[in-house]
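Yeah, the sequence shown ends on 676 if you go by my numbering, and it's all consecutive.
Even glycine gets a Cβ: it sits at the ideal position worked out from N, Cα and C.
As the structure is a prediction and not an experimental result, all values here were calculated from the model.
A short worksheet on the structure shown next.
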Amino acid sequence: MVSQQPLTALPSFLTGSTNRTFAANPRKLRRHALTSSWRKHANPGALSVRASIADAPPDKKDRAKPAQVRSPLLDADVPEYVKEAVRTQPWKGVLEPSTERSFTVDSSHVKGRIPDDLRGTYYRLGPGNTRMGERKQGHWFDGDGMIYAFSLDGFNESVTFRSRWIDTPRIRQRLAAPENKVAGKGVWTPADGGPFANVGSMENPSNTAPNYFNGQLLALAEGGPPREVNPGTLDTVGKELSYVGDLAFSAHPKIDLDTGIMYNHGVNPEPSLNILGLQLFKNSPDGKLLKQTRVPLDGPTYVHDLMISENYMITIIPPWYSTKADLLQFALGLKKFGDSFKWVPERGTRAVVARKSDLEVVADVKLPSFSMYHNANAYEEDGKLHLVTCRLNGSRADLETVMADLWESTWCWDSLSSLWDYTFDTKTWALISEGPAAKRADGTPTPAHGHDFPTIHPALTGKKMRYVYVLANANCGRLEAPVSRGGYVGAAKVPGSDSPGAPAFYNCYEKYDLETGEVEEYNVGRASSDTVFVPKAGGEKEDDGYLLAVAYNEDRHTSSVVVVDAESMSGVCEIELPVHVTTTFHGCWVPKS
Numbered sequence: 084m085v086s087q088q089p090l091t092a093l094p095s096f097l098t099g100s101t102n103r104t105f106a107a108n109p110r111k112l113r114r115h116a117l118t119s120s121w122r123k124h125a126n127p128g129a130l131s132v133r134a135s136i137a138d139a140p141p142d143k144k145d146r147a148k149p150a151q152v153r154s155p156l157l158d159a160d161v162p163e164y165v166k167e168a169v170r171t172q173p174w175k176g177v178l179e180p181s182t183e184r185s186f187t188v189d190s191s192h193v194k195g196r197i198p199d200d201l202r203g204t205y206y207r208l209g210p211g212n213t214r215m216g217e218r219k220q221g222h223w224f225d226g227d228g229m230i231y232a233f234s235l236d237g238f239n240e241s242v243t244f245r246s247r248w249i250d251t252p253r254i255r256q257r258l259a260a261p262e263n264k265v266a267g268k269g270v271w272t273p274a275d276g277g278p279f280a281n282v283g284s285m286e287n288p289s290n291t292a293p294n295y296f297n298g299q300l301l302a303l304a305e306g307g308p309p310r311e312v313n314p315g316t317l318d319t320v321g322k323e324l325s326y327v328g329d330l331a332f333s334a335h336p337k338i339d340l341d342t343g344i345m346y347n348h349g350v351n352p353e354p355s356l357n358i359l360g361l362q363l364f365k366n367s368p369d370g371k372l373l374k375q376t377r378v379p380l381d382g383p384t385y386v387h388d389l390m391i392s393e394n395y396m397i398t399i400i401p402p403w404y405s406t407k408a409d410l411l412q413f414a415l416g417l418k419k420f421g422d423s424f425k426w427v428p429e430r431g432t433r434a435v436v437a438r439k440s441d442l443e444v445v446a447d448v449k450l451p452s453f454s455m456y457h458n459a460n461a462y463e464e465d466g467k468l469h470l471v472t473c474r475l476n477g478s479r480a481d482l483e484t485v486m487a488d489l490w491e492s493t494w495c496w497d498s499l500s501s502l503w504d505y506t507f508d509t510k511t512w513a514l515i516s517e518g519p520a521a522k523r524a525d526g527t528p529t530p531a532h533g534h535d536f537p538t539i540h541p542a543l544t545g546k547k548m549r550y551v552y553v554l555a556n557a558n559c560g561r562l563e564a565p566v567s568r569g570g571y572v573g574a575a576k577v578p579g580s581d582s583p584g585a586p587a588f589y590n591c592y593e594k595y596d597l598e599t600g601e602v603e604e605y606n607v608g609r610a611s612s613d614t615v616f617v618p619k620a621g622g623e624k625e626d627d628g629y630l631l632a633v634a635y636n637e638d639r640h641t642s643s644v645v646v647v648d649a650e651s652m653s654g655v656c657e658i659e660l661p662v663h664v665t666t667t668f669h670g671c672w673v674p675k676s
């Protein structure tokens with residue numbers, strides 16, 4: 084059983100009350116009935132929540148059967164490659180660019196009822212322009228940041244929507260440029276005009292994750308410092324913030340709720356380019372830089388996420404490297420920096436552990452080479468440090484190929500991840516064990532779908548958690564076993580566990596019970612964003628909350644906010660917009676109070 088954990092002095096932006104106690108809530112296996120009246124209005128391709136899959140034979144489970152829909156984009160004035168993409172994979176309509184909008188959502192567009200205690204704003208951030216006219220971005224990550232605000236008030240039954248570009252020098256250039264011209268370079272997308280137009284450092288796209296800290300709504304990306312956004316108007320407030328000077332500030336900082344201190348990192352070169360390092364930061368609750376430490380790197384790399392536990396800050400660094408020569412050529416406008424990264428398995432994957440108190444590195448452990456983008460959480464227990472991460476099933480190079488051109492590529496098992504637990508002895512820093520985070524009674528992995536984008540109850544950041552929620556792909560198979568392949572470790576799928584029909588994007592929410600090994604699902608049946616966990620008012624259990632996400636309605640080219648009960652994994656309501664929201668990376672919730 085998970086021990087009760089008192090939660091004191093929680094920031095008001097995470098919960099409406101303080102001193103809550105979370106306890107485990109063991110439940111029997113059950114199949115959730117879908118009886119809510121709104122379901123008759125749902126996308127016909129959406130499937131019901133399934134029972135726990137801990138012991139069910141994988142070949143007998145329900146499978147996603149995508150609806151055979153015709154995208155409205157086939158009749159729209161869009162490039163031919165867009166039509167070809169949605170003809171074979173209709174979900175790809177969600178990649179179409181967005182525009183700035185602001186409106187109130189009519190109550191007739193709400194199916195079900197917004198909970199009374201769901202009062203606040205759900206922010207999402209992502210690349211708003213995956214193409215510029217007929218010109219594609221060179222990678223999913225290169226689009227310019229657009230922020231979206233869904234303001235929900237269940238008590239007064241109101242919903243408003245707003246979208247705005249993050250105001251950067253590059254988006255101003257691009258909006259002023261002719262339709263099919265690329266202005267302002269990206270990491271994978273050079274500007275038109277040859278080397279002269281591409282000299283200099285890369286622009287910060289501010290396109291990855293929103294975060295609310297120190298009374299400020301931040302737009303974050305690995306390419307530079309945070310940008311502040313007005314939480315009401317979504318206007319960009321001035322220039323980049325100086326939490327860490329002009330250094331890069333990654334998209335997934337972690338806040339220690341016991342102290343209010345924020346921890347983050349960024350990959351930053353010295354001016355001479357002779358030394359490249361991972362800068363570790365800690366900022367006080369009012370934003371003041373308290374401490375920074377530099378961790379040497381073997382070359383330019385991409386480090387996206389981090390974890391904190393009670394005493395430590397942890398960063399996993401996969402061996403995905405470029406060279407200083409490539410970085411110099413990029414600065415001179417001679418090549419695309421993003422395409423220069425290579426998998427270097429002999430360097431291994433590093434787990435860098437620093438003390439939170441002074442950011443001194445206490446361990447730098449070399450692990451068998453694996454890749455990851457996102458972590459679920461870290462916690463300490465009985466002299467052990469657990470790192471729970473989404474470990475990539477296949478090769479990093481293949482995943483980057485998929486993300487380089489989403490219009491042409493297809494998601495598969497190898498481009499997804501599996502939830503993995505790495506456990507270390509905190510005295511010797513030896514790796515004690517590693518394996519699937521959820522296991523059946525016989526010790527074999529629970530056959531969950533491939534996934535990524537984990538989330539937990541925010542009050543348990545850095546503490547032991549029982550539940551992890553992930554964004555899964557219900558079409559691409561289920562976990563069978565870990566595998567070691569040429570140059571990396573990953574995971575194999577159960578033979579025959581793919582679903583028939585059209586290939587799909589992430590379209591399913593899974594709930595991992597790390598205590599019992601059960602994994603429950605809510606299959607939304609449509610391309611979806613990741614989820615944000617919103618605690619219920621007065622909730623006492625770890626899973627007393629709602630999952631919020633944005634799903635794409637491919638038959639209407641619109642998007643809907645989806646609200647799911649995090650305990651029962653059953654649908655609560657959907658709010659359909661009259662427009663679509665371009666696929667986003669991450670979101671956050673800020674209560675109305």
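C-alpha gap between residue i and residue j, whole angstroms
{"i": "Val452", "j": "Ser516", "result": "Here the sequence assigns Ser to residue 452, which means Val is not the residue at that position. Cα to Cα, the separation comes out at about 15 Å."}
{"i": "Leu660", "j": "Gly315", "result": "19 Å"}
{"i": "Leu597", "j": "Thr667", "result": "28 Å"}
{"i": "Val445", "j": "Ser181", "result": "46 Å"}
{"i": "Gly431", "j": "Pro401", "result": "7 Å"}
{"i": "Phe105", "j": "Pro565", "result": "Bear in mind that a pLDDT of 22 at Phe105, under 50, signals an unreliable position, so the number given afterwards is only what the model happens to contain. Rounded to the nearest angstrom, the two C-alpha atoms are 33 Å apart."}
{"i": "Asp504", "j": "Cys591", "result": "22 Å"}
{"i": "Val673", "j": "Phe616", "result": "11 Å"}
{"i": "Asn239", "j": "Thr544", "result": "32 Å"}
{"i": "Arg114", "j": "Ser325", "result": "Note that Arg114 scores 28 on pLDDT, short of 50, meaning its location in the model is unreliable; the coordinates nonetheless yield the value given after this. Their backbone Cα atoms lie some 50 Å apart in a straight line."}
{"i": "Arg433", "j": "Val161", "result": "44 Å"}
{"i": "Phe233", "j": "Gly203", "result": "8 Å"}
{"i": "Lys418", "j": "Tyr404", "result": "16 Å"}
{"i": "Leu157", "j": "Phe332", "result": "40 Å"}
{"i": "Glu217", "j": "Asn263", "result": "6 Å"}
{"i": "Ala274", "j": "Leu554", "result": "34 Å"}
{"i": "Lys371", "j": "Asp339", "result": "15 Å"}
{"i": "Gln412", "j": "Asn281", "result": "10 Å"}
Span of the alpha helix (DSSP H) around residue i
{"i": "Val444", "result": "Segment 444-450 is the beta strand (DSSP E) holding Val444; no alpha helix (DSSP H) there."}
{"i": "Tyr395", "result": "Tyr395 -> not in any alpha helix (DSSP H); beta strand (DSSP E) instead, spanning 395-400."}
{"i": "Phe279", "result": "277-280"}
{"i": "Lys619", "result": "Segment: none, Lys619 is in no alpha helix (DSSP H) and carries neither H nor E."}
{"i": "Leu380", "result": "Element bounds for Leu380: n/a, residue is neither H nor E."}
{"i": "Ile249", "result": "Segment: none, Ile249 is in no alpha helix (DSSP H) and carries neither H nor E."}
Element boundaries [beta strand (DSSP E), containing residue i]
{"i": "Ala434", "result": "432-438"}
{"i": "Glu463", "result": "455-464"}
{"i": "Glu517", "result": "514-519"}
{"i": "Tyr164", "result": "That residue, Tyr164, is in no beta strand (DSSP E); its alpha helix (DSSP H) goes 163-171."}
{"i": "Lys194", "result": "193-195"}
{"i": "Phe413", "result": "Phe413 -> not in any beta strand (DSSP E); alpha helix (DSSP H) instead, spanning 407-414."}
{"i": "Arg184", "result": "184-187"}
{"i": "Val655", "result": "653-659"}
Nearest-angstrom Cβ-Cβ length linking residue i and residue j, presumed shorter than 8 Å
{"i": "Tyr635", "j": "Trp174", "result": "6 Å"}
{"i": "Arg533", "j": "Gly560", "result": "Here residue 533 is Gly; the residue named in the question, Arg, does not match the sequence. Correct: roughly 6 Å between the Cβ atoms."}
{"i": "Asn290", "j": "Gly209", "result": "6 Å"}
{"i": "Ser501", "j": "Arg523", "result": "Ser501 to Arg523, Cβ: 14 Å. No contact."}
{"i": "Glu183", "j": "Arg247", "result": "5 Å"}
{"i": "Thr641", "j": "His663", "result": "5 Å"}
{"i": "Leu363", "j": "Met390", "result": "Actually they do not touch by this definition, with Cβ atoms about 13 Å apart."}
{"i": "Tyr462", "j": "Lys546", "result": "6 Å"}
Residues that residue i bridges to, as DSSP identifies them
{"i": "Arg207", "result": "Tyr231, Gly670"}
{"i": "Phe224", "result": "Bridge partners of Phe224: none, in fact."}
{"i": "Leu475", "result": "Ser500"}
{"i": "Asn351", "result": "Gly360"}
{"i": "Pro528", "result": "Lys522"}
{"i": "Tyr635", "result": "Ser642"}
{"i": "Leu372", "result": "Asn366"}
{"i": "Trp426", "result": "Trp403"}
{"i": "Gly237", "result": "Paired residue(s): none; Gly237 is not in a bridge."}
{"i": "His469", "result": "Tyr462, Thr506"}
{"i": "Ser611", "result": "Ala634"}
{"i": "Lys418", "result": "DSSP, once it has assigned bridges, lists no residue as partnering Lys418."}
In chain order, each beta strand (DSSP E) run of at least 3 residues that lies wholly inside the region 534-601: 534-538, 550-555, 562-568, 571-576, 591-596
Those runs of the alpha helix (DSSP H) which lie wholly inside the region 294-348 and span at least 4 residues: Here no run is fully enclosed.
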